[in-house]
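Comments concern the structure below.
There are 2 protein chains.
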Amino acid sequence: MGELRETFDNPATCGLPQALEVMGERWSFLILRAAFNGYVHFEDFSSQLGIARNILSNRLARLVENGVMERKPCEHDRRKVEYRLTEKGYDLLPAMLALRQWGEKYGQNVNPELELVDAEKGEPIAPIAIRAADGRELGWHDLAWKKRGEKGKPDCC
Amino acid sequence: MGELRETFDNPATCGLPQALEVMGERWSFLILRAAFNGYVHFEDFSSQLGIARNILSNRLARLVENGVMERKPCEHDRRKVEYRLTEKGYDLLPAMLALRQWGEKYGQNVNPELELVDAEKGEPIAPIAIRAADGRELGWHDLAWKKRGEKGKPDCC
DNA sequence: TTTACAAGTTGTCATTTGCAACCTGTTTCC
DNA sequence: GGAAACAGGTTGCAAATGACAACTTGTAAA
Chain A
1 MGELRETFDN
11 PATCGLPQAL
21 EVMGERWSFL
31 ILRAAFNGYV
41 HFEDFSSQLG
51 IARNILSNRL
61 ARLVENGVME
71 RKPCEHDRRK
81 VEYRLTEKGY
91 DLLPAMLALR
101 QWGEKYGQNV
111 NPELELVDAE
121 KGEPIAPIAI
131 RAADGRELGW
141 HDLAWKKRGE
151 KGKPDCC
Chain B
1 MGELRETFDN
11 PATCGLPQAL
21 EVMGERWSFL
31 ILRAAFNGYV
41 HFEDFSSQLG
51 IARNILSNRL
61 ARLVENGVME
71 RKPCEHDRRK
81 VEYRLTEKGY
91 DLLPAMLALR
101 QWGEKYGQNV
111 NPELELVDAE
121 KGEPIAPIAI
131 RAADGRELGW
141 HDLAWKKRGE
151 KGKPDCC
């Protein structure tokens, strides 16, 4: 991405600009979603997302470059290539689900015939929430910024 | 955004494309972050983010249009305008924190002098996680898609 | 050994971004 | 009351990014 630089290079900044540097481009999250759904080949992503081939190529390369996905030629058919999530990629699941739940809460045309459930019990998962170390759910006004020993709520970044 | 349309209009789709339609553009999340940090005026956003004025104008208008922020002229100084988060905007906090935590976990130059804490106890908040209805933490492989009575793990969208 | 397929790359054109300059409606200061 | 300053924009233009279609390359199947 272009000029998040000023924010990006500031060492006192929070992790959001870094995350956006990697995932903030058009299609990145939808490619990630497809990967979570088991798609691994270039043509699969291409046909499922309807994304232009050069953009897909570019995005996959960027995701690989940033360690979110791994690229390796397929063993049995060396025409094919496999793109798979790394651990770093899997770690984006909470962020993706939080976005998705938000989209579903406020979206217009969303009737998700498919619902994410806890595989063990078959019940829907809980909404993604902010929690204290002891598990209490927290809202924005229950949060504060701490400066390495201090307490209070100064500006973030 | 341009051609997420095919995905967007499909009623069987999940909420992710909707969320990206609103928040997937450059700067949107950083504007949101600034709003969470108490910035309310055009010039505040402008100088904190270093974003071009026309883009800022456009993004704020889009966020207002999509119900994430509210725009109202300032009572006491009618030159000024206040942009404030709506409830819909506040509901993006988990998604934003999940992204931020991911960025901090894997980022290079991040030493967040400021840390988010539970205001009541002063301790750092827990990592944003996926949980079952009963509170158990879940990973990707503990999840399944349910189709309105069925059970299993077919394709998502 | 020809044909088909997967995964790109290249060329062209439309859209989006970034930058600077300008405009308009307050407010402040003298 | 009038001049200067300030907040929040808009406009015009250059540069970067995205979309679409056609072409290339390295396998594999027939």
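Just so you know, the sequences run in chain order A and B. The opening residue of the first sequence carries number 1 in full-length UniProt numbering; numbering runs sequentially from there. The opening residue of the second sequence carries number 1 in full-length UniProt numbering; numbering runs sequentially from there. For glycine and all other residues, C-beta sits at the position ideal for the given N, C-alpha and C.
Using a 10 Å radius around the Cβ and a threshold of 16 neighbouring Cβ atoms, would you call residue i buried or exposed?
i: G152 (chain B); result: Bear in mind that a pLDDT of 42 at G152 (chain B), under 50, signals an unreliable position, so the model cannot answer this.
i: Q101 (chain A); result: buried
i: C14 (chain B); result: buried
i: S28 (chain A); result: buried
i: Q18 (chain A); result: buried
i: A133 (chain B); result: exposed
i: P73 (chain A); result: exposed
i: E25 (chain A); result: buried
i: residue 161 (chain B); result: The structure shown does not extend to residue 161 (chain B), since chain B spans only 1 to 157, so no value can be given for it.
i: A52 (chain B); result: exposed
i: W140 (chain A); result: exposed
Starting from residue i, find everything on chain A with Cβ-Cβ shorter than 7 Å and list it in chain order.
i: Y90 (chain B); result: W140
i: E120 (chain B); result: D142
i: R59 (chain B); result: Per Cβ cutoff of 7 Å: no residues; R59 (chain B) is ~13 Å from chain A at best.
Tell me which residue opens and which closes the alpha helix (DSSP H) that residue i is part of.
i: Y102 (chain B); result: The amino acid at residue 102 (chain B) is misidentified as Tyr; the sequence shows Trp. Residues L93 to Y106.
i: A144 (chain B); result: Premise fails: A144 (chain B) lies in the beta strand (DSSP E), L143 to K146, not in any alpha helix (DSSP H).
i: E21 (chain B); result: L16 to M23
i: I31 (chain A); result: S28 to F36
Going along chain B in order, which residues have a C-beta closer than 9 Å to the C-beta of residue i?
i: L56 (chain A); result: What L56 (chain A) touches in chain B: nothing, since even the nearest Cβ is about 13 Å away.
So which residues of chain B does residue i contact, with C-beta pairs closer than 7 Å?
i: I130 (chain A); result: L93, P94, L97, I125 and I128
i: K72 (chain A); result: Residues of chain B passing the Cβ test: none, with the nearest at roughly 20 Å.
For the beta strand (DSSP E) that contains residue i, what are its first and last residues?
i: V117 (chain A); result: E115 to D118
Whose Cβ in chain B lies nearer than 8 Å to the Cβ of residue i?
i: F29 (chain A); result: L16, L20 and G24
Given that residue i touches chain A, what residues does it touch there, using C-beta distances under 9 Å?
i: K80 (chain B); result: Within chain A, no residue comes near K80 (chain B); the closest Cβ sits about 20 Å away, beyond 9 Å.
Can you list, in chain order, the stretches of the alpha helix (DSSP H) that have 4 or more residues and sit fully within the region 39 to 88 of chain B? Fully enclosed alpha helix (DSSP H) runs of 4 or longer: 42 to 49 and 53 to 65.
The region 95 to 116 of chain A: positions lying closer than 8 Å to chain B by Cβ: Along the region 95 to 116 of chain A, going in chain order, the ones with a CB nearer than 8 Å to a CB of chain B are A95, M96, L97, A98, L99, R100, Q101, W102, G103, E104, K105, Y106, G107, Q108, N109, V110, N111, P112, E113, L114, E115 and L116.
Using Cβ-Cβ distances below 8 Å, what residues of the region 37 to 52 of chain A are close to chain B? So the list reads N37, G38, L49 and G50, given in the order they occur along the chain.
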